[in-house]
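The numbering of the sequence shown is my numbering, which starts it at 266 and goes up by one. Beta carbons are placed, not taken as given, at the ideal position from N, Cα and C, and that holds for glycine. Here the structure is a predicted model, which means the values were calculated and not measured. Here is the structure we will look at, set down as structure tokens.
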Amino acid sequence: MERYMVHLHNERYDRHDATSILQQARSLTNNDITVRDVRVSKMHIEMDITIPDGALNDTIMAVRPIGDMLDAHRIINEQVIKEEAIQDGIAYFNAERFWESHEAFEAAWKECFDGEKDLVQGIILAAAGFVHYQKSQDVICLSIFNRALQKLSPCTGVYHSMDVERLKAKLYDMVQSKSISTFELV
266 MERYMVHLHN ERYDRHDATS ILQQARSLTN NDITVRDVRV SKMHIEMDIT IPDGALNDTI
326 MAVRPIGDML DAHRIINEQV IKEEAIQDGI AYFNAERFWE SHEAFEAAWK ECFDGEKDLV
386 QGIILAAAGF VHYQKSQDVI CLSIFNRALQ KLSPCTGVYH SMDVERLKAK LYDMVQSKSI
446 STFELV
């Protein structure tokens with residue numbers, strides 16, 4: 266079995282459709298395929314799937330009624346270079362690919378020194394909150410943003426071109442207003 270992150274072009278769905286898209290994807294695929302989760306951004310639909318070896322093309326064809334494929338990549342745990350993982354995390358975050366951003370920053374976190382770990386964990390939590398936002402789970406999203414703010418509270422300055430104060434302000438404003446909107450890290 267192989268695990269993939271599949272991105273489909275999104276022309277008509279919003280995040281409130283995540284559960285119905287998940288149900289539709291499961292009904293379109295056979296029992297050998299596990300559609301683990303679906304997240305919806307303005308630009309794409311992200312599907313976390315496990316499929317039999319070599320069945321990616323058949324799987325893509327099965328879910329095509331939901332949207333045309335943008336890309337798919339196999340999930341493989343491998344050693345990463347911290348700086349590359351951070352840049353990947355920023356790029357994924359800015360593209361509203363929050364699950365992948367979370368994963369990239371988590372890989373970088375494993376290579377961080379003690380003083381840096383809380384800062385990176387705060388960014389990981391911000392991405393994780395947006396994963397729930399894309400699934401229309403706003404209460405969970407805001408709760409995770411609160412945890413992110415706790416991790417980020419002692420942090421200041423610029424980290425890999427990210428303005429930490431700006432990040433904290435964005436998260437704080439959303440928690441206070443209970444109004445969530447995506448933004449770019451840089």
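What's the call for residue i, buried or exposed, on a 16-neighbour Cβ count within 10 Å?
{"i": "Ser442", "result": "exposed"}
{"i": "Met266", "result": "exposed"}
{"i": "Phe378", "result": "exposed"}
{"i": "His274", "result": "exposed"}
{"i": "Asp353", "result": "buried"}
{"i": "Met326", "result": "exposed"}
{"i": "Glu430", "result": "exposed"}
{"i": "Ile409", "result": "buried"}
{"i": "Ile314", "result": "buried"}
Can you give me the Cβ contacts of residue i inside the same chain, cut-off strictly under 8 Å, excluding the 5 residues immediately before and after it?
{"i": "Glu371", "result": "Ile389"}
{"i": "Asn411", "result": "Val440"}
{"i": "Met334", "result": "Val271, His272, Leu273, His274 and Ile325"}
Tell me the residue span of the alpha helix (DSSP H) that contains residue i.
{"i": "Tyr278", "result": "No alpha helix (DSSP H) contains Tyr278, which DSSP labels as neither H nor E."}
Skipping 5 residues on each side, what residues in its chain have a beta carbon closer than 6 Å to that of residue i?
{"i": "Phe363", "result": "Ala392, Phe395 and Val396"}
{"i": "Leu417", "result": "Gly387 and Lys433"}
{"i": "Lys435", "result": "Phe448"}
For residue i, I'd like the list of residues in its chain whose CB is within less than 7 Å of its CB, leaving aside the five on either flank, ordered along the chain.
{"i": "Asp282", "result": "Val305"}
{"i": "Ile331", "result": "Leu273, Ile286, Gln289, Ala290 and Ile310"}
{"i": "Tyr437", "result": "Leu414"}
{"i": "Gly422", "result": "Val429"}
{"i": "Tyr424", "result": "Leu384"}
{"i": "Ile405", "result": "His397"}
Which stretch, first to last residue, makes up the beta strand (DSSP E) that contains residue i?
{"i": "His338", "result": "Met334 to Arg339"}
{"i": "Thr294", "result": "Counting along the chain, Thr294 falls outside any beta strand (DSSP E), and DSSP gives it neither H nor E."}
Do residue i and residue j have their C-beta atoms closer together than 8 Å?
{"i": "Arg339", "j": "Tyr269", "result": "yes"}
{"i": "Met308", "j": "Val300", "result": "no"}
{"i": "Ala373", "j": "Tyr357", "result": "no"}
{"i": "Pro317", "j": "Asp302", "result": "no"}
{"i": "Ile355", "j": "Val451", "result": "yes"}
{"i": "Arg277", "j": "Lys400", "result": "no"}
Going by C-alpha distance, which of the options is nearest residue i?
{"i": "Asp403", "options": "Gly422, Glu376 and Ser444", "result": "Ser444"}
{"i": "Glu365", "options": "Ala337, Arg431 and Cys420", "result": "Ala337"}
Cβ of residue i within 7 Å of any heavy atom in the ligand ADP?
{"i": "Gly422", "result": "No copy of the ligand ADP appears in this structure; indeed no ligand is present at all."}
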